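Student: End of the sequence shown sits at 217 in this note's numbering; the numbers just go up one at a time, nothing left out.
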Amino acid sequence: METDNLNLLNYKLKVIDNFLNQDDFDSLCKLEINQTVKEDFHVYHNEINDKGIIKSVIDKNLLQRIHNNYHSTAMNILKNISKEKAELYEYSDFSIIVTSKNSKFPIHDDTPNKLLSGVIYLYPEKNTGTIFYNNKKGADQTNISWRPNRAVFFSRSERKTWHSYEGDGLNNRVVLNYNLMTNKIKEVYKVENKSYFYGNFRFKLNPYIFRYLKTTI
Ligand SMILES: [Fe+2]
1 METDNLNLLN YKLKVIDNFL NQDDFDSLCK LEINQTVKED FHVYHNEIND KGIIKSVIDK
61 NLLQRIHNNY HSTAMNILKN ISKEKAELYE YSDFSIIVTS KNSKFPIHDD TPNKLLSGVI
121 YLYPEKNTGT IFYNNKKGAD QTNISWRPNR AVFFSRSERK TWHSYEGDGL NNRVVLNYNL
181 MTNKIKEVYK VENKSYFYGN FRFKLNPYIF RYLKTTI
C-alpha cells in the first residue's frame with residue numbers, strides 16, 4: 001500500500017495487511033449481517049477479556065477464537081505505542097460495523113476509554129478506507145486505502161488522532177473494529193497529561209456516543 005503520507009501525521013499508525021488468518025477472516029465475512037441498514041450505521045457489539053465473554057451478539061466460539069488469536073498482537077502494538085496505557089487494559093471490544101453506502105462519519109479523535117483503536121476492513125472488495133488528519137479541520141489528510149483484511153491501529157490521543165470515514169456511495173462498508181478498552185478514564189487523562197475535567201465533560205456530551213450505543217467508531 002502507499003505509505004508515503006504516513007509521516008505527515010504527528011501520531012503513529014500501524015497498518016498490517018492480511019491481519020486475520022484466512023479461516024477467521026472467512027468466518028467473520030460469513031456472519032449473517034443485515035445489509036439493509038435503515039440507519040447510517042449498524043453496530044454488532046461484543047466484549048470479551050481473559051475471564052470470558054462479557055457481551056456477545058455473534059457466535060460465541062468465533063468471538064473467543066478471535067480474542068485468543070489476536071490479543072497478544074494487539075497488546076504488543078499498544079505496548080509499543082504506550083506502555084502506560086497498556087497497563088490500563090480491562091477488556092476488548094470487537095464490533096462489526098456496517099456503514100451505509102451513503103453515510104459519513106465525521107472527523108473525531110475517539111473516546112478516552114479506547115486505549116488502542118483498530119479497524120480491519122472486511123468487505124466488499126472495494127470501498128473507501130479510513131482517513132487520518134492532524135487537526136479537526138482535516139489538515140494533512142492521510143488515506144489508508146481499503147483492502148480486505150487490512151488492519152489499521154492507533155492509540156487514541158485527545159484532540160490529536162483525528163480521523164473519519166464514509167461509504168463509497170456504491171456499497172455498504174463492513175469492518176471489524178477491534179479496540180482494547182478501559183474504564184479507568186481518570187488514569188487515561190493522567191497518562192495523556194490532559195485535563196480529566198474538561199475531557200470527561202466533552203466525552204459525556206459527544207452526541208455520537210449516545211447515538212451509537214455508547215460507542216464511537
Ligand atoms: Fe474512531
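All C-beta atoms, glycine included, are put in the ideal place defined by N, C-alpha and C. Values in this document were obtained by computation on a predicted structure and should not be read as measured data.
Write down every uninterrupted run of the beta strand (DSSP E) in the stretch 122–207 whose length is 3 residues or greater and which is fully enclosed by it, in chain order.
Tutor: You should have 130–133, 142–144, 151–154, 162–166, 173–181.
Student: Just curious, the beta strand (DSSP E) that residue 60 is in, first and last residue?
Tutor: For the purposes of this step, residue 60 is taken as the residue at position 60 of the sequence shown. Element bounds for residue 60: not the beta strand (DSSP E) but the alpha helix (DSSP H), 60–81.
Student: Relative to the C-alpha of residue 204, which candidate in 26, 185, 124, 121 has its C-alpha closest?
Tutor: Residue numbering aside, residue 204 sits at position 204 when the sequence shown is read from its first letter. Of 26, 185, 124, 121, the residue nearest in Cα terms is 185.
Student: Can you give the Cα-Cα distance for residue 156 and residue 75, rounded to whole angstroms?
Tutor: The residue given as residue 156 occupies position 156 in the sequence shown. The residue given as residue 75 occupies position 75 in the sequence shown. If I take the Cα positions, the gap works out to 14 Å.
Student: So, for residue 174: in the same chain, excluding its five sequence neighbours on each side, which residues have a beta-carbon less than 6 Å away from its beta-carbon?
Tutor: The residue you call residue 174 lines up with position 174 of the sequence shown. Contacts found: 98, 122, 123.
Student: State the start and end residues of the unbroken alpha helix (DSSP H) segment that holds residue 27.
Tutor: Against the sequence shown, residue 27 aligns to sequence position 27. Per DSSP, residue 27 belongs to the alpha helix (DSSP H) from 22–30.
Student: Measure from the alpha carbon of residue 143 to the alpha carbon of each residue in 166, 159, 160, then state which is nearest.
Tutor: Taking the first residue of the sequence shown as position 1, residue 143 is located at position 143. Comparing Cα positions, the closest option is 166.
Student: To which residues of the same chain is residue 4 closer than 7 Å at the C-beta, ignoring the five residues directly before and after it?
Tutor: Along the sequence shown, read from residue 1 onward, the residue named residue 4 stands at position 4. In this predicted model, residue 4 has a pLDDT of only 43, less than 50, meaning its place in the structure is not dependable enough to derive any value.
Student: So if DSSP puts residue 116 in a beta bridge, which residue, or which two residues, is it bridged to?
Tutor: Within the sequence shown, numbered from 1, the residue matching residue 116 stands at position 116. Bridge partners of residue 116: 180.
Student: Please return the same chain residues whose Cβ sits closer than 7 Å to the Cβ of residue 113, not counting the five positions on each side in sequence.
Tutor: Walking along the sequence shown from the start, residue 113 turns up at place 113. Same-chain partners within the cutoff: 181, 182, 183, 185.
Student: Quick one: give me the first and last residue of the beta strand (DSSP E) that residue 33 is part of.
Tutor: Counting from 1 along the sequence shown, the entry for residue 33 is found at position 33. It is not in any beta strand (DSSP E) - residue 33 carries neither H nor E in the DSSP assignment.
Student: Check whether the Cβ atoms of residue 91 and residue 34 lie closer than 8 Å to each other.
Tutor: In the sequence shown, residue 91 corresponds to position 91, counting from 1. In the sequence shown, residue 34 corresponds to position 34, counting from 1. Going by C-beta atoms, residue 91 is not nearer than 8 Å to residue 34.
Student: Among the residues of its own chain, which have a CB less than 7 Å from the CB of residue 65, if the five just before and after it don't count?
Tutor: By 1-based counting over the sequence shown, the position of residue 65 is 65. Answer for residue 65: 24, listed in chain order.
Student: DSSP state of residue 101, grouped into three classes?
Tutor: Position 101 of the sequence shown, counted from the start, is the residue given in the question as residue 101. Reduced to three states, the DSSP call for residue 101 is coil.
Student: Since residue 41 is in the beta strand (DSSP E), which residue starts that stretch and which ends it?
Tutor: Counted from its first residue, the sequence shown places residue 41 at position 41. Residues 41–49.
Student: Comparing C-alpha positions only, which one of 136, 150, 141 sits nearest to residue 126?
Tutor: Along the sequence shown, read from residue 1 onward, the residue named residue 126 stands at position 126. Per the Cα distances, 150.
Student: Have a look at residue 213 and residue 54 and give me their C-alpha separation to the nearest angstrom.
Tutor: As a position in the sequence shown, residue 213 is number 213, starting the count at 1. As a position in the sequence shown, residue 54 is number 54, starting the count at 1. In this prediction, residue 213 scores a pLDDT of 43, lower than 50, which makes its location untrustworthy; the coordinate-derived value is nonetheless stated afterwards. C-alpha separation (whole angstroms): 16 Å.
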